[in-house]
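Student: Here it is: the structure, laid out below.
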Amino acid sequence: MELLHYLPQVLSGWNLLILIGGTIVGLILGATPGLSPTMAVALLIPFTFKMDATSGLILLGVLYTSTVAGGAVSAILINIPGAPANIATMLDGHPMAKAGKATQALYYCFISSAVGGVLGVLVLIFLTPYLVNVALKFGPPELFWTAILGITVIGSLGSASVLKGLLGGAIGVWISLIGFNPVTGTERFVFSEHLQGGITIIPALIGLFAIPQVLQMVEGAKGANGGERFDMAPTSVIKAIIFNLKKVKALVIGSLSGIIVGIIPGAGGQIAGLIAYDQCKKFSHNKDNFGKGEPEGIIAAESANNAMVGASLVPMLSLGIPGSPTAAVLLGGLLVQGLFPGPDLFTQHASVAWTFMGALLISQILLVVCGLWISGIGKYVIRIPRHIMAAAVTTLAIFGTYSVQNSFSDVIIMMSMGSLMYFGMQYGFTPGPIVLGIILGPIAETNFLQSQMLAQAGDGMLRYMFGGWLNILLVSLCLLSVAYSLYASWQARKTRQRATPDHRVQVHPEANHDAH
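Convert by adding 223 to the 1-based position in the sequence shown; the result is the number in this note's numbering.
So, in structure tokens, the structure goes:
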């Protein structure tokens, strides 16, 4: 097996140091409310520029998996999820903490995260090579439709409103077109001298994900992040491990939920945790105890969250379609290193691909060790005042953006995009679809232009773009993606309307009475 061949490279001095350091940093960032996994990965992409491709991807990958797990610390201790993925963990984790079992809850969280994480990475290792073989059949038209599929899937699922999600994806594509046409060299949408070089991916990523969070922190900057305090009574690690392993049903339900949701592009970790929690509750003998401090709820939710991480990288590494917003940012980190997902990654850069996947597997062991250690200091991490955290994140964002090209224009673009995203979020827009549009827009454009040139020497554009079973399949999937999302949105709206009483019937009689 190729993974075993590259395992010594994973455990080499520098990579091992990155694994350990990245896990600790990721857990601390994840435990801090407001610092989501997506934002953490986006902020630290600039630090990978001076690293080789393998070490840079290892850092980003281990940050992804550890920040998702670290978010459970604040969810359990102060009832504020570190990331949306940890919402389900909060439902039983915080009641356990209030009952004096905070340490036990944290132990269950990190152990189950590691179990789910291992299973998710195994799916990544065994399934990705098969999907890569499918990708070998892709030419320019197939790659164009794949990029469009990525935009429609994440655009549809990345927002509460389907139309806003799709509009966000379209805005991202438009942003990617700013600058010069890659074929003709003509200028497009350049409204300022700061935009002459186009908008590069790093300022966009940091601006869209970091600045809105900073502004939200400033809004709620009174005091520290939490108010309640709990006794962190010590408990046996061995007993916690045995207890976790006995809850096979919760681990299986959680891991399977996370893997399935992760492979579906755009579904996101928050859905994985909530689905796993709901299914575990349905099949549990203690369903009445859920929401009151049931360990099975924590185990199912956290195993799902980390199983989703590895699974979300399957479509990203093989087809270039991220399975979650954080995987989309990781795709940006991959492109920055000059690497492209698909067959080339596993043939010309096989050492990078297999070392990266091996590192994700080893990181799950480190997640348990470092997670159990951080359980003891978690109560201090979550109490960093919000205004201090906001200042630190802003400094890191400016430094990281400026270091890309030593350009102050990038800093202006980053701050401008972040401020606009903050106001957009007030109206239901989310950064995920926009980022996907920015990343996949150039891929779609380049392959469309290549298809156009090739079609001129053949049977015409229409037949070239829609001919062949693979093109028809991809176009059908694009249409199904949008249709399903519109249907799901319509169903959700109908459910809300049935659940909400019509207050207008109560208002009019009072108004008429007042008029008389």
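The C-beta atom is built at its ideal place from N, Cα and C for all residues, glycine as well.
Remember, predicted model here, so these are calculated numbers, not experimental data.
Hey, how far is the Cα of Ile657 from the Cα of Thr246?
Tutor: Between Ile657 and Thr246, the C-alpha separation is close to 28 angstroms.
Student: Under 7 angstroms, do Ile661 and Ile398 count as touching if we go by C-beta distance?
Tutor: The answer is yes: Cβ separation under 7 angstroms.
Student: In or out: Gln436 buried (at least 16 other Cβ within 10 Å) or exposed?
Tutor: Gln436 is buried by the Cβ-count criterion.
Student: Spatial neighbours of Thr549 within its chain, please: C-beta separation below 7 angstroms, excluding the five flanking residues on both sides.
Tutor: Hits under 7 angstroms: Pro260, Thr261, Val264, Tyr287.
Student: I need the straight-line Cα distance from Leu366 to Ser639, nearest angstrom please.
Tutor: So the alpha carbons of these two residues sit roughly 32 angstroms apart.
Student: What's the gap between the Cα of Asn509 and the Cα of Gln327?
Tutor: Each residue's alpha carbon lies about 18 angstroms from the other.
Student: Touch check for the segment 582 to 594 and the segment 333 to 348: three-plus C-beta pairs under 8 angstroms?
Tutor: They touch, by the three-pair rule.
Student: Residues in the same chain with beta-carbon distance under 7 angstroms from Val291, minus the five sequence neighbours each way, listed in chain order, please.
Tutor: So the qualifying residues of the chain are Gly253, Pro260, Ala306, Ala308, Gly492, Asn528, Asn529, Val532.
Student: Relative to the C-alpha of Ser297, which candidate in Val537, Pro318, Gly284, Val285 has its C-alpha closest?
Tutor: It is Pro318.
Student: Out of Ala620, Ala711, Pro405, Ser526, which one is the CA nearest neighbour of Phe167?
Tutor: Nothing can be reported for residue 167: it is not among the residues displayed for the chain, which extend from 224 to 739.
Student: Could you tell me the boundaries of the alpha helix (DSSP H) in which Ile522 lies?
Tutor: Here the alpha helix (DSSP H) through Ile522 covers 518 to 542.
Student: Candidates Leu700, Leu685, Gln649, Tyr687: which alpha carbon is nearest Ser384's?
Tutor: Closest option to Ser384, Cα to Cα, is Gln649.
Student: Since Ser574 contacts Thr351 with CB under 8 angstroms, what's their CB separation in whole angstroms?
Tutor: Actually they do not touch by this definition, with Cβ atoms about 15 angstroms apart.
Student: What would DSSP say about Phe646, mapped onto helix, strand or coil?
Tutor: Three-state result, Phe646: helix.
Student: Out of Gln628, Ala499, Ile268, Ala463, which has the shortest C-alpha to C-alpha gap to Trp479?
Tutor: A quick correction: the sequence has Leu, not Trp, at residue 479. Closest by alpha carbon: Ala499.
Student: Measure from the alpha carbon of Pro545 to the alpha carbon of each residue in Ser507, Met644, Gly655, then state which is nearest.
Tutor: Answer by Cα proximity: Gly655.
Student: Among Gly543, Gln714, Lys505, which residue has its Cα nearest to the Cα of Phe361?
Tutor: Here the closest residue by C-alpha is Gly543.
Student: Can you give the Cα-Cα distance for Leu697 and Thr369, rounded to whole angstroms?
Tutor: So the two alpha carbons sit approximately 7 angstroms from each other.
Student: Count the other C-beta atoms from every protein chain shown that fall within 10 angstroms of the C-beta of Tyr330, then say buried if there are 16 or more, exposed otherwise.
Tutor: Tyr330 is buried by the Cβ-count criterion.
Student: Report yes or no: is there a C-beta of chain B within less than 7 angstroms of the C-beta of Lys321?
Tutor: Considering every chain present, this structure includes no chain B. It has just one protein chain.
Student: From this set, Ser674, Ala582, Val616, Leu590, which residue's C-alpha is nearest Leu239's C-alpha?
Tutor: Among Ser674, Ala582, Val616, Leu590, the Cα nearest to that of Leu239 belongs to Ala582.
Student: Apply the 10 Å Cβ neighbour rule to Arg411 and answer buried if 16 or more other Cβ atoms are within range, or exposed otherwise.
Tutor: Exposed, by the Cβ-count rule.
Student: Of the residues Ala667, Gly481, Ser708, Leu390, which one's Cα is nearest the Cα of Met765?
Tutor: Any property of residue 765 remains undetermined from this structure, which presents the chain solely from 224 to 739.
Student: Please classify Gly546: does DSSP put it in a helix, a strand, or coil?
Tutor: In the structure shown, Gly546 sits in coil (DSSP, three-state: anything other than H, G, I, E or B).
Student: If we ignore side chains and look at the alpha-carbon of each, how far apart do Ala524 and Phe333 end up?
Tutor: Answer to the nearest angstrom: the Cα atoms are 11 angstroms apart.
Student: Output yes or no for whether 7 angstroms exceeds the beta carbon distance between Ala551 and Leu400.
Tutor: For Ala551 and Leu400, no; Cβs fall outside 7 angstroms.
Student: As a quick exercise: from Phe563, Ala473, Phe414, Pro364, pick the residue whose alpha carbon is nearest that of Gln215.
Tutor: The first residue shown for the chain is 224 and the last is 739, placing residue 215 beyond what the model contains.
Student: At what residue ranges does the segment 563 to 639 contain a whole run of the alpha helix (DSSP H), taking only runs of 4 or more?
Tutor: The segment 563 to 639 contains these whole alpha helix (DSSP H) runs: 566 to 570, 573 to 604, 609 to 628.
Student: What separation, rounded to the nearest whole angstrom, lies between the Cα atoms of Leu431 and Asp633?
Tutor: If I take the Cα positions, the gap works out to 13 angstroms.
Student: I think Ile425 touches Ile299, with their Cβ atoms under 8 angstroms apart; what is that distance to the nearest whole Å?
Tutor: Rounded, the Cβ-Cβ distance is 33 angstroms, inconsistent with contact.
Student: With respect to the alpha helix (DSSP H) encompassing Ile251, which residues constitute its N-terminal and C-terminal limits?
Tutor: It spans 236 to 254 - the alpha helix (DSSP H) in which Ile251 sits, taken as one unbroken run.
Student: DSSP puts Glu410 in a beta bridge; with which residues?
Tutor: Looking at the DSSP assignment, Glu410 forms a beta bridge with Phe403.
Student: Just to confirm the assignment, what range does the alpha helix (DSSP H) spanning His508 have?
Tutor: Here His508 belongs to no alpha helix (DSSP H), and DSSP marks it neither H nor E.
Student: What three-state label does DSSP hand Phe432 in the structure shown?
Tutor: Helix, per DSSP.
Student: Taking Leu553 and Met539 to be in contact with their CB atoms under 8 angstroms, please state how far apart those CB atoms are, rounded to whole angstroms.
Tutor: 7 angstroms between Cβ atoms; contact.
Student: Rounded to whole angstroms, what's the CA-CA distance from Val616 to Pro608? Just pull it up for me.
Tutor: One C-alpha to the other measures close to 13 angstroms.
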